[in-house]
Structures are given as C-alpha cells and as structure tokens.
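K.L.:
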Amino acid sequence: MRRTRSLCAVKLRILMKPLRSFFALIVLVIPLFAAPPVRAQIDVGEGRASLRDAGPFFVRVDVEAGPALSTHPALLGLTRAVAGRLSAGGAPPSPERDGRPYLYVHVNALEMEEGLIPFTVSLQFLQTVRLARERTLPTTGCTWEAATVGLVSPDNVALIAEAALDLADEFAMDFRAANR
Numbered sequence: 052m053r054r055t056r057s058l059c060a061v062k063l064r065i066l067m068k069p070l071r072s073f074f075a076l077i078v079l080v081i082p083l084f085a086a087p088p089v090r091a092q093i094d095v096g097e098g099r100a101s102l103r104d105a106g107p108f109f110v111r112v113d114v115e116a117g118p119a120l121s122t123h124p125a126l127l128g129l130t131r132a133v134a135g136r137l138s139a140g141g142a143p144p145s146p147e148r149d150g151r152p153y154l155y156v157h158v159n160a161l162e163m164e165e166g167l168i169p170f171t172v173s174l175q176f177l178q179t180v181r182l183a184r185e186r187t188l189p190t191t192g193c194t195w196e197a198a199t200v201g202l203v204s205p206d207n208v209a210l211i212a213e214a215a216l217d218l219a220d221e222f223a224m225d226f227r228a229a230n231r
C-alpha cells in the first residue's frame, strides 16, 4: 500500500511541473499588462496653464491636400482667417517669426473617388521647453493641442476651414483665460 502512495505522489509531481511553468509565466506576464497607464495626451489644465506668460506667438498653417482642395479659397486664406479669429478672441498673433512660440495649424484632407473628403484639423502650440532629465537642454515641445476630424462633400470644403477656425476660438479662450 505504501508503494501505491508513492506512485501517486510521483504522478502528481509530474503533472504539477507544467502547471508550475504556466503559473510562473502568468506571474511574469501579468505585471506587464497591469503597469500604470502612460499619458499620451496633454492634460487640459496643464495645457491651459502652459499658455500663461507665453508671450507673443506667430501662426503657421500647413494644408496637405490634393491640387483641387489646396487651391480652394477657404483654405488658401486660412492663415489670415486664423490670425483674424485669434485677434478677435483676445489672443493676437505676432507677425514676427524669430524663435517665438507658435501656433501650428495642420489641415490634412483627402479627395476620394466617391466624392467625399475626409479631413483632420489639428492645432498645436509649440514653445521652448526644458527636458526633465537635463534642464540645461532647451527644445521645442507641444504644450497645448486640440484636433477634430470630419467628412465633407466637395461643395462643403469651406467647413474644413470653419473647423480650423473653431479650434482657433478654443485656443484663444484658453490663452485669454491663462493670461488674465
């Protein structure tokens, strides 16, 4: 009888080896998925606070689109329209471009064969920042951002420019609130 017990114990040990490996693997892998989340976006409060005392800034607009869209009047005059909207909103941009912070407006639109135009508009405020690991090393960093996506028909291309102007209004409100 004693011999039967030892055979059972041996069989049980043999069965437990793969389970131990499996549990060890789980113990090693689970912490990888349970790591704290890394922030991939700028916090709204921090973004707004970064505009405090930012000083004069200029506006830079880039429109990435096909030839028909790039020459649309609403998109051709977007730099002037954004600057005007910012001025009206209490955040007038500077005409100077010498190393100042700047508001980068990026429009990306794609002309589709089906007649629809998907687009993205993003605004980013870029200014000199210092790295936490080396405070003596200045670089340019995005400290405020907002974006939108949409889909328009070819007869509503002006709505793309309007989306950019709406984001400019949002920036002007945050800039004004940070600099009261």
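Number 108 in the working numbering belongs to position 57 of the sequence shown; there are no gaps in the numbering. For glycine and all other residues, C-beta sits at the position ideal for the given N, C-alpha and C.
Please classify residue 219 as buried or exposed, where buried requires at least 16 neighbouring CB atoms within 10 angstroms.
P.N.:
Looking at its Cβ environment, which holds 16 or more other Cβ atoms inside 10 Å, residue 219 is buried.
K.L.:
Is the beta carbon of residue 145 less than 8 Å from the beta carbon of residue 176?
P.N.:
Cβ atoms of residue 145 and residue 176: not closer than 8 Å.
K.L.:
Here's the rule I'm using: 16 or more other beta-carbon atoms within 10 Å means buried, otherwise exposed. How should residue 206 be labelled?
P.N.:
When all chains shown are included, residue 206 counts as exposed.
K.L.:
Let me confirm a value: residue 122 is counted as buried when at least 16 other C-beta atoms fall within 10 Å, else exposed. Which label applies?
P.N.:
Per the 10 Å Cβ criterion, exposed.
K.L.:
For residue 135, does the three-state DSSP call read helix, strand or coil?
P.N.:
Of the three classes helix, strand and coil, the one that applies to residue 135 here is helix, per DSSP.
K.L.:
From 168, 164, 172, 114, pick the residue whose C-alpha is nearest to that of residue 217; which is it?
P.N.:
Nearest option by C-alpha distance: 172.
K.L.:
According to DSSP, simplified to helix, strand and coil, what is residue 207?
P.N.:
Residue state, collapsed to three classes: helix.
K.L.:
Using only the alpha-carbon positions, how far apart do residue 142 and residue 97 sit?
P.N.:
Their backbone Cα atoms lie some 18 Å apart in a straight line.
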